[in-house]
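There are 2 protein chains.
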Amino acid sequence: MSENSPPTRTVFFISDGTGITAETFGNAILAQFEMKSRHVRLPFIDTADKAHQAVRQINHTAEREGRKPIVFTTLVDMEILKVITDGCKGMLLDMFGTFVHPLEKELRIKSNHRVGRFSDVSKSKAYNDRIEAINFSLEHDDGQSNRDLEQSDVILVGVSRSGKTPTSLYLAMQYGLKASNYPLIPEDFDRRQLPPALAPHQKKIFGLSIHPDRLSEIRNERRPNSKYASIENCRMEVSEAEAMMRRSGIRWLSTTTKSIEEIATTILQEIKPERLMY
Amino acid sequence: MSENSPPTRTVFFISDGTGITAETFGNAILAQFEMKSRHVRLPFIDTADKAHQAVRQINHTAEREGRKPIVFTTLVDMEILKVITDGCKGMLLDMFGTFVHPLEKELRIKSNHRVGRFSDVSKSKAYNDRIEAINFSLEHDDGQSNRDLEQSDVILVGVSRSGKTPTSLYLAMQYGLKASNYPLIPEDFDRRQLPPALAPHQKKIFGLSIHPDRLSEIRNERRPNSKYASIENCRMEVSEAEAMMRRSGIRWLSTTTKSIEEIATTILQEIKPERLMY
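Same order as they appear, the protein sequences are chains A and B.
Each residue of the first sequence is one higher than the one before, counting from 9 in our numbering.
Each residue of the second sequence is one higher than the one before, counting from 9 in our numbering.
Here it is as structure tokens:
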């Protein structure tokens, strides 16, 4: 590596559950640093034995690299955490302890040190609702079905490849929302109206648009040199779709530079689905 | 509320981005407490004005409820954070500051205080790969297509409704992995072999099984009183599928009490897809 290369570290994510919380949060923190890092996931560390093994792995890395590894933990079992705290030569960032203890004081209740969020998911209503939402969103992808459309929490509309499918699935997966989506197609433009099945659900409809240049780029990856992907056709479709969304008074945004997380968050702010109210 | 009811608090999640990190992590922390809470998301707080508005909302809640609201923040802009810190009457849990400052010391580099992880996602290879993985997984759901099957990072097999589809989509959405899935059907059982298209990809195959009682329950929700959902048929299919997985020497797990996060994490540990190596 040249002298100008940013420093490299190994980062461990240790959890008694899946480690997904540790990793999601750790990645957000690490994104604040211009640094190359190697990631090692150590999920399901739920016995002292496994914790000792993790310590050996971390300390071995520390010696080999001559640098402290960064260790994010979301361990809730104090005995297992102690094995790591006592033995580990990495820089320990204890994500739970750091916030749980001050919260115990403020709330004046003890935390239950429960491992993981899912014990037997088949008995959890929230979890079953989430799986049902994923299935619903798949069955209502791309205007496939109008059955039970009124059960939708959100209905997305937009031209083909404007981001409807990944956003619908994300809304289902992350928030347990039933998200349908409908393509806007030349027939709709000719009729100058949204697909008729959608009329009774105006309040749940949200539009996705996209810059024609970007749309043409995305479509060309799938069908190179087609009329479908041509910049002229993309310009026409986007302009017709945006005009229709304005006429129909539905809210919409441009997805061109936005991630599905950002699109989903904006939709939730605008649509405020009842099911998300606590 | 009865005297036995756990205390109720309002919890705010404040972020200059989507707030998804704040909420994911905050929920994991709150799951440690037996407490009912009301959640308020305040995403895209990226100006001092919006921060002042957030402070007013929090302080209003504090007065109305006579209890400190809990406030999780993932603000990276120090000036915006200062507006919250100075004015807010809630209990502030500054998730970034808490870990970023010690990391700056250890790494001897300054954090860049960059807002959000996605600036212009259309230019990010990792992001585009993730969208491509979602599309790939959708197109390779339920054995729909053998095209480009060799591009799969993971191939899931199992009887209908054993959890293949949600797990495939989760692997794509969370990890950017191309996950195909194939149903095991009576034809395969008669032939006593995995679907022929899968033969060259043995190392990427992972099996999902499920307890027949639970399978029958799930199938009955979709097709009540059908042969498909009957306990006899479910027992037969599960037993044939498990025998086949054993014979073929592929790794598998039972999804009965597991969440898609737990299933996905176990699959990653076993399959170790190359694309996940850093």
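Just so you know, even glycine gets a beta-carbon here, dropped at the ideal spot from N, CA and C.
If you're wondering where the values come from, they're calculated on a predicted model, not measured in any experiment.
task = Using alpha carbons as the reference points, say which of A:T263, A:L89, A:R200 lies closest to A:A251.
result = Taking the first sequence and counting its residues from 1, one reaches residue 251 of chain A at position 243. Nearest of A:T263, A:L89, A:R200 to A:A251, Cα basis: A:R200.
inquiry  = Check for me: the beta strand (DSSP E) holding B:L6 runs from which residue to which?
reply    = Missing from the structure shown is residue 6 of chain B; chain B here goes from 9 to 286 and no further.
request  = Starting from the beta carbon of B:Q277, find every residue of chain C whose beta carbon is closer than 9 Å, and list them in chain order.
outcome  = The question asks about chain C, but that chain is absent: this structure's protein chains are A and B.
Span of the beta strand (DSSP E), counted from its first residue to its last, around A:T81 = On the first sequence, position 73 is the one that residue 81 of chain A refers to. Per DSSP, A:T81 belongs to the beta strand (DSSP E) from 78 to 82.
message = Quick check: what's the CA-CA separation for A:A134 versus A:M181?
response = Here the question's residue 134 of chain A lines up with position 126 in the first sequence. Here the question's residue 181 of chain A lines up with position 173 in the first sequence. Approximately 12 Å, taken between the alpha carbons.
ask   = Could you give the uninterrupted runs of the beta strand (DSSP E) lying entirely in the segment 88 to 176 of chain B, keeping only those of 3 residues or more?
value = 99 to 102, 162 to 166
inquiry  = Please state whether the Cβ-Cβ distance between A:S119 and A:H148 is less than 8 Å.
reply    = Here residue 119 of chain A refers to the residue found at position 111 when the first sequence is read from its first residue. Here residue 148 of chain A refers to the residue found at position 140 when the first sequence is read from its first residue. With contacts defined by Cβ atoms closer than 8 Å, A:S119 and A:H148 do not form a contacting pair.
ask   = So which residues of chain A does B:H121 contact, with C-beta pairs closer than 9 Å?
value = Taking the first residue of the second sequence as 1, we reach residue 121 of chain B at position 113. Simply Q40.
Limits of the beta strand (DSSP E) - the one that B:T16 falls within = The count along the second sequence starts at 1 and reaches residue 16 of chain B at position 8. Element bounds for B:T16: 16 to 23.
ask   = At least one CB of chain B closer than 8 Å to the CB of A:E270: is that the case?
value = The sequence position of residue 270 of chain A within the first sequence is 262, counting from 1. Closer than 8 Å to some Cβ of chain B, the Cβ of A:E270 qualifies, so yes.
query = Going along chain A, which residues have a C-beta under 7 Å from B:T29?
reply = The sequence position of residue 29 of chain B within the second sequence is 21, counting from 1. Within chain A, the residues near B:T29 are T32, F33, A36.
request  = Would you identify the three-state DSSP class for A:G34, choosing helix, strand or coil?
outcome  = Translated into positions along the first sequence, residue 34 of chain A becomes position 26. In this structure, A:G34 counts as helix in the three-state DSSP scheme.
ask   = Cβ atoms of A:V162 and A:L179: under 8 Å apart, would you say?
value = Counting from one through the first sequence, the residue named residue 179 of chain A turns up at place 171. Counting from one through the first sequence, the residue named residue 162 of chain A turns up at place 154. Yes, Cβ-Cβ distance for A:L179 and A:V162 is below 8 Å.
ask   = For the segment 71 to 93 of chain A, which residues have a beta carbon sitting closer than 9 Å to at least one beta carbon of chain B?
value = K76, I78, F80, T82, V84
task = Step through the CB atoms of chain A and report whether any lies within less than 8 Å of the CB of B:D1.
result = Absent from the structure is residue 1 of chain B, since the part of chain B shown begins at 9 and ends at 286.
query = What residues in the segment 174 to 189 of chain A have a beta carbon less than 8 Å from any beta carbon of chain B?
reply = P174, L177, Y178, M181, Q182
key: B:A70, enclosing alpha helix (DSSP H) - first and last residue   = On the second sequence, position 62 is the one that residue 70 of chain B refers to. It spans 56 to 73 - the alpha helix (DSSP H) in which B:A70 sits, taken as one unbroken run.
request  = Taking A:A30 as the reference, give the member of B:T26, B:G25, B:G27, B:A36 with the closest Cα.
outcome  = Here residue 30 of chain A corresponds to residue number 22 of the first sequence, with the count starting at 1. Nearest of B:T26, B:G25, B:G27, B:A36 to A:A30, Cα basis: B:A36.
key: Local conformation of B:L216 per DSSP, three classes   = As a working note, residue 216 of chain B is residue 208 in the second sequence. In the structure shown, B:L216 sits in a strand (DSSP, three-state: E or B).
key: Cβ neighbour criterion (16 or more within 10 Å) applied to A:M86   = Within the first sequence, numbered from 1, the residue matching residue 86 of chain A stands at position 78. A:M86 should be labelled exposed.
ask   = Residues of chain A with a CB under 7 Å from the CB of B:T106: which are they?
value = In the second sequence, residue 106 of chain B corresponds to position 98, counting from 1. The contacting residues are T106.
message = Quick check: the Cα distance between B:Y286 and A:E73, rounded to an integer number of angstroms?
response = Numbered from 1 along the second sequence, position 278 holds the residue referred to as residue 286 of chain B. Numbered from 1 along the first sequence, position 65 holds the residue referred to as residue 73 of chain A. Unreliable positioning characterises B:Y286 in this predicted model, as indicated by a pLDDT of 44, which lies under 50. A coordinate reading is not provided.
Test item: CB-CB of B:L100 and B:I88 under 8 Å = Position 92 of the second sequence holds residue 100 of chain B. Position 80 of the second sequence holds residue 88 of chain B. Against a cut-off of 8 Å, the Cβ pair of B:I88 and B:L100 comes out as no contact.
inquiry  = Less than 6 Å between C-beta atoms, sequence neighbours within five positions excluded: which residues of the same chain meet that for A:T16?
reply    = The sequence position of residue 16 of chain A within the first sequence is 8, counting from 1. K44.
task = Could you tell me whether any Cβ in chain B is nearer than 8 Å to the Cβ of A:R243?
result = Sequence index remark: in the first sequence, residue 243 of chain A carries index 235 (1-based). A:R243 does not count as touching chain B.
task = Count the other CB atoms, across all protein chains shown, that sit within 10 Å of the CB of B:Q310; report buried if there are 16 or more and exposed otherwise.
result = The structure shown does not extend to residue 310 of chain B, since chain B spans only 9 to 286, so no value can be given for it.
key: Beta-carbon neighbours of A:R222, restricted to chain B and to distances below 7 Å   = As a position in the first sequence, residue 222 of chain A is number 214, starting the count at 1. Under the 7 Å cutoff, chain B gives S130.
Minimum Cβ-Cβ distance from B:E114 to chain A less than 8 Å = Working through the second sequence from its first residue, we reach residue 114 of chain B at position 106. Yes, because at least one Cβ of chain A sits closer than 8 Å to the Cβ of B:E114.
inquiry  = Taking 8 Å as the threshold (beta carbon to beta carbon), is A:T264 in contact with chain B?
reply    = As a working note, residue 264 of chain A is residue 256 in the first sequence. Chain B, which has a Cβ nearer than 8 Å to the Cβ of A:T264, makes this yes.
task = My understanding is that A:P191 touches A:D156, with C-beta atoms under 8 Å, so please give their C-beta distance in whole angstroms.
result = The residue given as residue 191 of chain A occupies position 183 in the first sequence. The residue given as residue 156 of chain A occupies position 148 in the first sequence. In fact, because the Cβ distance is near 19 Å, the residues do not count as touching under 8 Å.
key: Chain-ordered neighbours of A:I142 on chain B, where CB pairs are closer than 8 Å   = By one-based count along the first sequence, residue 142 of chain A stands at place 134. Per Cβ cutoff of 8 Å: T173, P174, L177.
message = I need the boundaries of the alpha helix (DSSP H) containing B:A249, first residue and last residue.
response = In the second sequence, residue 249 of chain B corresponds to position 241, counting from 1. Counting along the chain, the alpha helix (DSSP H) containing B:A249 begins and ends at 239 to 256.
key: Option in B:S23, B:T82, B:L284, B:L50 with minimal Cα separation from B:S160   = Locating residue 160 of chain B in the second sequence gives position 152, counting from the first residue. The candidate whose alpha carbon is nearest that of B:S160 is B:L284.
query = Grouping DSSP H, G and I as helix and E and B as strand, with all else coil, what is B:P281?
reply = For the purposes of this step, residue 281 of chain B is taken as the residue at position 273 of the second sequence. Assigned with DSSP and collapsed to three states, B:P281 falls in coil, not helix or strand.
request  = Could you check what DSSP says for B:R49 in three-state terms: helix, strand or coil?
outcome  = The residue given as residue 49 of chain B occupies position 41 in the second sequence. Reduced to three states, the DSSP call for B:R49 is strand.
query = Leaving out the 5 sequence neighbours to the left and right, which residues in its chain are closer than 7 Å to A:S153 when beta-carbon positions are compared?
reply = Translated into the one-based positions of the first sequence, residue 153 of chain A becomes position 145. The answer, listed in chain order, is E147.
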